[in-house]
Amino acid sequence: MVLDRLQQLTHQVSATSPPPHPLDPLSTVEIDAVVGIVRKEHGSLNFNAVTLYEPRKAHMMAWVADPENAPRPARAADIVAIAPGGKIYDGVVDLDQKKIIKWQHTPNVQPLITMEDLQEVEHVVRKDAKVIEQCGIIGIPKEDMHKVYCDPWTIGYDERFGTGVRLQQALMYYRPHPDDSQYTYPLDFCPIYNAETKEIIHIDVPPVRRPVSKAAPNNYHPAAVEKEGGYRTDIKPIHITQPEGVSFEVKGRTIEWQNWNIHVGFNYREGIVLNNITFNDKGNVRPVFWRLSLAEMVVPYGNPEHPHQRKHAFDLGEYGGGYMTNSLTLGCDCKGAIHYMDAAFVNRAGASTIIKNAICIHEEDAGILFKHTDFRDESMVVTRGRKLIISQIFTAANYEYCVYWIFHQDGTIQLEIKLTGILNTYAMNPGEDTKGWGTEVYPGVNAHNHQHLFCLRVDPNIDGPSNTVFQVDAVQGPGEVGSAENKYGNAFYAKKTKYSTPLEAMSDYDGSTSRTWDMANTNKLNPYSKKPVSYKLVSRDVPPLLPKAGGLVWKRAGFARHAVHVTKYDDDQVHPAGRHVPQTSGEPSEGLPAWIEAAGPSCSIDNTDVVLWHTFGLTHFPAPEDYPIMPAEPMTLLLRPRNFFDRNPVLDVPPSFARTPTQVAANASSCVCKKGDGSSILV
Numbered sequence: 001m002v003l004d005r006l007q008q009l010t011h012q013v014s015a016t017s018p019p020p021h022p023l024d025p026l027s028t029v030e031i032d033a034v035v036g037i038v039r040k041e042h043g044s045l046n047f048n049a050v051t052l053y054e055p056r057k058a059h060m061m062a063w064v065a066d067p068e069n070a071p072r073p074a075r076a077a078d079i080v081a082i083a084p085g086g087k088i089y090d091g092v093v094d095l096d097q098k099k100i101i102k103w104q105h106t107p108n109v110q111p112l113i114t115m116e117d118l119q120e121v122e123h124v125v126r127k128d129a130k131v132i133e134q135c136g137i138i139g140i141p142k143e144d145m146h147k148v149y150c151d152p153w154t155i156g157y158d159e160r161f162g163t164g165v166r167l168q169q170a171l172m173y174y175r176p177h178p179d180d181s182q183y184t185y186p187l188d189f190c191p192i193y194n195a196e197t198k199e200i201i202h203i204d205v206p207p208v209r210r211p212v213s214k215a216a217p218n219n220y221h222p223a224a225v226e227k228e229g230g231y232r233t234d235i236k237p238i239h240i241t242q243p244e245g246v247s248f249e250v251k252g253r254t255i256e257w258q259n260w261n262i263h264v265g266f267n268y269r270e271g272i273v274l275n276n277i278t279f280n281d282k283g284n285v286r287p288v289f290w291r292l293s294l295a296e297m298v299v300p301y302g303n304p305e306h307p308h309q310r311k312h313a314f315d316l317g318e319y320g321g322g323y324m325t326n327s328l329t330l331g332c333d334c335k336g337a338i339h340y341m342d343a344a345f346v347n348r349a350g351a352s353t354i355i356k357n358a359i360c361i362h363e364e365d366a367g368i369l370f371k372h373t374d375f376r377d378e379s380m381v382v383t384r385g386r387k388l389i390i391s392q393i394f395t396a397a398n399y400e401y402c403v404y405w406i407f408h409q410d411g412t413i414q415l416e417i418k419l420t421g422i423l424n425t426y427a428m429n430p431g432e433d434t435k436g437w438g439t440e441v442y443p444g445v446n447a448h449n450h451q452h453l454f455c456l457r458v459d460p461n462i463d464g465p466s467n468t469v470f471q472v473d474a475v476q477g478p479g480e481v482g483s484a485e486n487k488y489g490n491a492f493y494a495k496k497t498k499y500s501t502p503l504e505a506m507s508d509y510d511g512s513t514s515r516t517w518d519m520a521n522t523n524k525l526n527p528y529s530k531k532p533v534s535y536k537l538v539s540r541d542v543p544p545l546l547p548k549a550g551g552l553v554w555k556r557a558g559f560a561r562h563a564v565h566v567t568k569y570d571d572d573q574v575h576p577a578g579r580h581v582p583q584t585s586g587e588p589s590e591g592l593p594a595w596i597e598a599a600g601p602s603c604s605i606d607n608t609d610v611v612l613w614h615t616f617g618l619t620h621f622p623a624p625e626d627y628p629i630m631p632a633e634p635m636t637l638l639l640r641p642r643n644f645f646d647r648n649p650v651l652d653v654p655p656s657f658a659r660t661p662t663q664v665a666a667n668a669s670s671c672v673c674k675k676g677d678g679s680s681i682l683v
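Taking the UniProt record's numbering, the leading residue of the sequence shown gets 1, the next gets one more, and so forth.
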């Protein structure tokens with residue numbers, strides 16, 4: 001009966017509105033229909049994920065090329081479900097046929113931990129007798145258990161428990177007052193929670209106990225700031241207005257802006273997914289990238305003492321960057337004239353849910369786009385640019401990650417990530433030595449060293465899907481100083497190394513050579529430079545994975561062993577640490593290492609459909625300036641056109657000020673921006 005009603009609703013919606021773009025995320029109506037179809041056949045299940053099963057690339061490209069005649073890709077849903085007893089099922093539902101087309105039990109895995117899973121743990125630890133006992137030992141009386149908090153993390157991997165039981169570790173804290181930050185009062189023990197039985201099965205206790213801190217609160221909320229002298233009074237307002245509206249147009253989930261055309265998707269795991277990115281080059285719509293996303297990340301902590309080795313969160317694969325996304329607020333998270341997009345998910349019970357304003361789309365002034373002044377006569381031109389920003393912010397326990405996909409008028413795509421939020425903290429005794437593994441950022445608060453390593457998945461489509469990746473290094477020219485070929489020793493050039501196989505492509509960043517990577521279409525040359533049209537990955541925030549080879553993090557986070565991997569395209573190779581990440585042992589390493597091994601040494605990635613995987617990030621040695629809340633720390637990378645255009649593609653952007661030599665000589669009118677919106681008039 002319920003399924004029939006859902007199908008009726010689906011029919012009604014489809015009858016009154018155009019069909020969704022094949023890459024649009026599932027709607028709430030579609031999610032409800034999927035749950036009904038699965039429940040009808042498989043009964044009572046808990047749902048871990050219901051998301052778009054992306055059309056196969058070949059089908060999708062055929063439809064994009066000829067939407068009037070090519071078959072429209074089917075709407076389908078990718079499902080992860082948990083049956084009673086903890087059995088994990090992976091499935092696919094065809095929404096057009098309204099039937100399950102794949103359903104399989106996947107043994108010895110654990111799917112990601114949802115927000116509902118996390119929220120249960122705190123209620124359990126407060127009532128557990130063993131936890132109450134440990135709290136008493138370090139100075140928290142039983143009647144204060146309502147002041148005890150925890151950040152549940154997946155256990156990572158612990159050989160004592162394996163993968164058969166769904167577990168979480170509870171990082172424990174105390175909050176003396178409801179408005180205090182619990183991270184100032186970390187507790188020294190770590191309970192292990194069984195998600196199936198909903199009980200604490202073990203507690204890790206350190207050999208040296210650390211009583212709960214008696215330090216004064218260190219807070220960041222308004223009442224605390226006012227108590228300590230109040231806010232600054234010398235900040236004047238900055239008003240951002242676009243009285244004539246924005247310069248972008250949104251059609252469904254497709255954005256047109258300044259020659260760019262971008263489809264904006266979103267899923268529970270990667271968050272924002274950008275598809276079918278093209279650039280209109282003087283009337284010629286040129287494909288640039290087929291798909292861009294943050295595919296995975298790992299945050300390894302550097303304290304080797306048990307149980308801190310378990311702290312290496314895969315925030316996307318273990319919790320979901322979409323599930324953790326914030327509902328964004330105008331004027332706070334995003335400023336200006338904003339277009340928002342919502343995100344639809346499923347909850348454990350199978351009901352569809354919505355996060356309002358999950359994606360923010362807006363324009364910002366980008367400063368000078370180009371400028372030149374001729375010193376001879378002061379003739380000049382200066383043009384200001386603007387940028388389009390597609391963003392989301394997600395909260396992973398204590399950390400906030402602000403993700404900005406930035407499109408520039410000159411064909412550049414920029415990914416910027418800002419890290420803020422609160423340090424992960426651990427207890428320490430007065431006078432205790434952190435041994436270099438952390439920093440005492442406040443009395444009794446030890447913030448451990450850690451890294452944030454992100455994996456960018458780039459599916460290039462540079463004037464078509466047949467692409468080749470080159471490593472580019474700035475190197476000195478041959479010949480010694482005084483030689484005929486390099487008499488003055490000043491020669492240098494760009495050394496390009498072609499990657500022919502995935503094994504060759506496993507490469508690291510080298511700052512000494514300003515290393516970059518070109519994704520090129522070698523079948524098409526620039527008419528002037530005679531070089532292949534390409535896009536260059538320019539990334540400088542590329543620390544190496546610091547956990548040692550052969551260790552737990554190294555095995556589980558195989559994607560982070562190198563700055564760049566390149567694989568031959570495969571529809572099912574999306575998640576570089578594997579489909580199901582929690583509690584993997586890394587034996588064997590899943591995701592990228594497994595794919596490259598399976599492809600074999602003879603696999604060719606030359607002039608074919610490839611995917612580039614780039615690991616970038618930062619290494620964080622905490623300091624008191626990072627506490628009690630961290631100022632946002634940015635990192636960025638660029639995807640820049642190289643030999644792609646035949647001249648500067650932004651010459652047609654109206655200048656802010658322009659004066660030619662002839663105008664200078666004649667004291668004639670100049671082109672001056674008077675309106676403040678980038679348009680120009682003669683004066």
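Beta carbons: idealized from backbone N, C-alpha and C, even for Gly.
When beta bridges are read from the DSSP output, S539 appears opposite L637. When DSSP states are grouped into helix, strand and coil, K57 belongs to the helix group.
Setting aside the 5 residues that flank it on each side, E440 is surrounded in the same chain by M428, T434, N446, each with a C-beta closer than 7 Å to its C-beta; the list follows chain order.
In this chain, the alpha helix (DSSP H) harbouring V125 covers 115-127. If you look at L503, you'll find it in the alpha helix (DSSP H) that goes 502-505.
Around E590, the same chain offers A577, G578, T584 as residues with beta carbons nearer than 7 Å, after the five sequence neighbours per side are excluded.
Of T501, Q134, C455, Y157, the smallest CA-CA separation from V581 is found for Y157.
Counting the other Cβ atoms within 10 Å of the Cβ of Q573 gives 16 or more, which makes it buried. In this structure, the alpha-carbon of N526 lies about 15 Å from that of V288. Straight through space, the alpha carbons of P443 and T497 are spaced by roughly 52 Å. Bounds of the beta strand (DSSP E) holding K251 are 249-251. A Cβ-Cβ separation of about 7 Å places F407 in contact with W257 under the 8 Å criterion.
Pairing N643 with N523, the inter-Cα distance amounts to about 13 Å. Put simply, of Y185, A223, H339 the residue whose alpha carbon is nearest the alpha carbon of S213 is Y185. Each of F454, M145, Q110, I132 was checked against the Cα of L167, and the nearest Cα belongs to Q110. A straight line joining the alpha-carbon of I132 with that of V124 spans about 11 Å. The shortest CA-to-CA distance from V50 to any of A343, M630, N449 is the one to A343.
For E364, the beta-bridge partners assigned by DSSP are K387.
Rounded to the nearest whole angstrom, the C-alpha separation of D508 and Y220 is 39 Å. Looking at G86, H312, I113, A632, the one whose alpha-carbon comes closest to that of N449 is H312.
Going by C-alpha positions, T420 is about 11 Å away from P628.
Secondary structure note for R286: its beta strand (DSSP E) is the uninterrupted segment 284-300. By the Cβ rule, the segment 199-206 does not count as touching the segment 222-234, because fewer than three pairs are nearer than 8 Å. Cα atoms of G336 and L330: separation of roughly 8 Å, rounded to the nearest angstrom. In the DSSP assignment, H308 falls outside any alpha helix (DSSP H), carrying neither H nor E. Contact between Q392 and V403 holds, since their C-beta atoms are separated by about 5 Å, short of 8 Å. Beta-bridge partners of P191 (DSSP): I203. Contact between the segment 81-95 and the segment 381-392 is absent, with fewer than three C-beta pairs closer than 8 Å.
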